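Following: one structure in structure tokens, then a few remarks.
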Amino acid sequence: MAPRGSYCRRVMGVAVAVAACALCLLPATTSGALRVGFYQSSCPNAEALVRQAVAAAFARDAGVAAGLIRLHFHDCFVRGCDASVLLTKNPAGGQTERDAAPNNPSLRGFEVIDAAKAAVEAACPRTVSCADIIAFAARDSVKLTGNVDYQVPAGRRDGSVSNGNEALHNLPPPNATAQQLADTFFANKFLTLEDMVVLSGAHTVGRSFCASFFNRVWNGNTPIVDAGLDPAYAAQLRALCPTRDTLATTPMDPDTPATLDNNYYKLLPQGKGLFFSDNQLRVNATMNALVTRFAANEAEWKQRFADAMVKMGHIEVQTGRCGQIRVNCNVVNPSTSSPEVELAGEDQETGGAVAAS
1 MAPRGSYCRR VMGVAVAVAA CALCLLPATT SGALRVGFYQ SSCPNAEALV RQAVAAAFAR
61 DAGVAAGLIR LHFHDCFVRG CDASVLLTKN PAGGQTERDA APNNPSLRGF EVIDAAKAAV
121 EAACPRTVSC ADIIAFAARD SVKLTGNVDY QVPAGRRDGS VSNGNEALHN LPPPNATAQQ
181 LADTFFANKF LTLEDMVVLS GAHTVGRSFC ASFFNRVWNG NTPIVDAGLD PAYAAQLRAL
241 CPTRDTLATT PMDPDTPATL DNNYYKLLPQ GKGLFFSDNQ LRVNATMNAL VTRFAANEAE
301 WKQRFADAMV KMGHIEVQTG RCGQIRVNCN VVNPSTSSPE VELAGEDQET GGAVAAS
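Take 1 as the starting number for the sequence shown in this note's numbering and just add one per residue.
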């Protein structure tokens with residue numbers, strides 16, 4: 001699937017810009033533009049500065065790590081990994097992704113990205129994209145919660161459009177069926193069924209508002225126990241959430257809520273998958289086999305999770321001379337920005353050219 005809304009400034013001539021954008025429009029799986037060490041010459045401390053910002057936030061509130069992992073997921077699944085989820089205003093008008101129901105009020109970690117961006121801008125002005133900062137912050141959060149480390153290919157550019165309706169149609173809802181998850185939401189992003197089961201394991205950290213699981217324990221004012229849900233667990237959720245609009249939250253993993261481990265897969269056969277979509281991994285034979293496999297082998301799941309995060313980070317990226325390097329992650333650069341603002345983020349070794357895969 002080609003990235004939508006790619007924006008190319010014709011500052012190097014029409015032919016160069018058109019060629020760069022044509023390559024940028026390649027599907028995620030064929031893009032070779034991202035690479036490890038992208039900022040080695042142009043901003044060698046970029047990843048360290050992001051890591052420091054994430055560590056400082058984590059020291060104040062360990063729960064922010066789960067938020068940053070989810071922030072990366074929600075960014076990449078709508079318009080690709082272009083930091084469109086950070087925008088507080090849509091230049092075209094209308095609701096932004098950030099304010100759409102799947103993200104508001106549950107999505108968090110924005111202030112950490114702002115802090116990381118401020119530190120990076122102070123060291124390397126107009127060089128490191130907000131999209132890359134999100135990817136780095138998610139990796140650092142995985143390290144802090146699960147002691148899993150991996151290298152992040154970088155070189156993403158920031159988008160200039162954020163549409164709330166697209167968040168509604170591209171982010172998997174908590175009531176999605178197994179077929180919808182695999183065939184619609186993930187396949188459309190060039191992610192396999194196994195990728196989907198692997199990435200679902202991120203539900204081992206973080207919390208959820210009542211609205212996401214309310215229909216599993218209530219039918220109007222009548223208590224119910226949804227299929228695949230442990231009755232005792234359902235009773236706990238019902239007591240926590242007497243109404244859909246109750247602002248209480250509950251851990252998605254009631255046993256190890258702050259640790260990125262394979263406990264999510266162990267909870268599913270116990271009827272403790274919080275969302276309807278979690279339980280769907282059990283009703284599909286192929287998915288359930290993967291659940292059983294990852295429940296038995298944490299080391300394998302962690303390696304697969306790191307690989308899947310890197311793969312997800314390639315979804316519909318804008319690179320080269322497509323997109324921009326936002327100076328403020330929350331707003332697009334003014335249309336009067338100089339060419340240097342748009343192109344300074346390119347790595348000095350490659351000149352920002354889109355490499356072949």
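Built from N, CA and C at the ideal position, the CB exists for glycine as well. Only a predicted model underlies this, so the values are computations on that prediction, with no experimental measurement involved.
Does the separation of the CB atoms of residue i and residue j fall below 9 Å?
i, j, result
"residue 120", "residue 112", "no"
"residue 251", "residue 257", "yes"
"residue 152", "residue 132", "yes"
"residue 123", "residue 43", "yes"
"residue 146", "residue 266", "no"
"residue 268", "residue 210", "no"
"residue 170", "residue 77", "yes"
Tell me whether residue i sits in a helix, a strand or coil according to DSSP, three-state version.
i, result
"residue 219", "strand"
"residue 251", "strand"
"residue 191", "coil"
"residue 42", "coil"
"residue 207", "strand"
"residue 35", "strand"
"residue 167", "helix"
"residue 329", "coil"
"residue 230", "coil"
"residue 307", "helix"
"residue 158", "strand"
"residue 130", "helix"
"residue 322", "strand"
"residue 117", "helix"
"residue 264", "helix"
"residue 84", "helix"
"residue 69", "helix"
"residue 141", "helix"
Whose C-beta lies closer than 6 Å to the C-beta of residue i among residues of the same chain, with five residues either side of it excluded?
i, result
"residue 29", "Low confidence applies to residue 29: its pLDDT is 42, below 50, so where it sits in the model is not reliable, and the reading given next is rough at best. Taken in chain order, the residues that qualify are 190."
"residue 156", "81, 129, 131, 132 and 317"
"residue 186", "196"
"residue 255", "263"
"residue 306", "148 and 150"
"residue 231", "225"
So, for residue i: in the same chain, excluding its five sequence neighbours on each side, which residues have a beta-carbon less than 7 Å away from its beta-carbon?
i, result
"residue 26", "With a pLDDT of 47 at residue 26, under the threshold of 50, the predicted position of this residue should be treated as unreliable, and no value is reported."
"residue 134", "71, 72, 75, 83 and 113"
"residue 276", "174, 175, 216 and 226"
"residue 290", "194 and 197"
If I'm right that residue i touches residue j with Cβ under 8 Å, what's the distance once you round it to whole angstroms?
i, j, result
"residue 158", "residue 50", "Actually they are not in contact, since the Cβ atoms of residue 158 and residue 50 sit about 15 Å apart, beyond 8 Å."
"residue 164", "residue 228", "Residue 164 to residue 228, Cβ: 31 Å. No contact."
"residue 309", "residue 138", "7 Å"
"residue 87", "residue 332", "7 Å"
"residue 261", "residue 300", "Not quite, the Cβ-Cβ distance comes to about 13 Å (not below 8 Å), so this is no contact."
Please work out which residues of its chain come closer than 8 Å, Cβ to Cβ, to residue i, disregarding the five sequence neighbours upstream and downstream, and give them in chain order.
i, result
"residue 104", "98"
"residue 280", "176, 177, 178, 181 and 287"
"residue 107", "67, 70, 71, 74, 85 and 98"
* Any chance the segment 85 to 98 sits against the segment 289 to 301, with 3 or more Cβ pairs inside 8 Å? -> Not touching, per the Cβ criterion.
* **Cβ contact check for the segment 63 to 70 and the segment 197 to 210: 3 or more pairs under 8 Å** => Because the criterion of three Cβ pairs below 8 Å is met, the segment 63 to 70 and the segment 197 to 210 touch.
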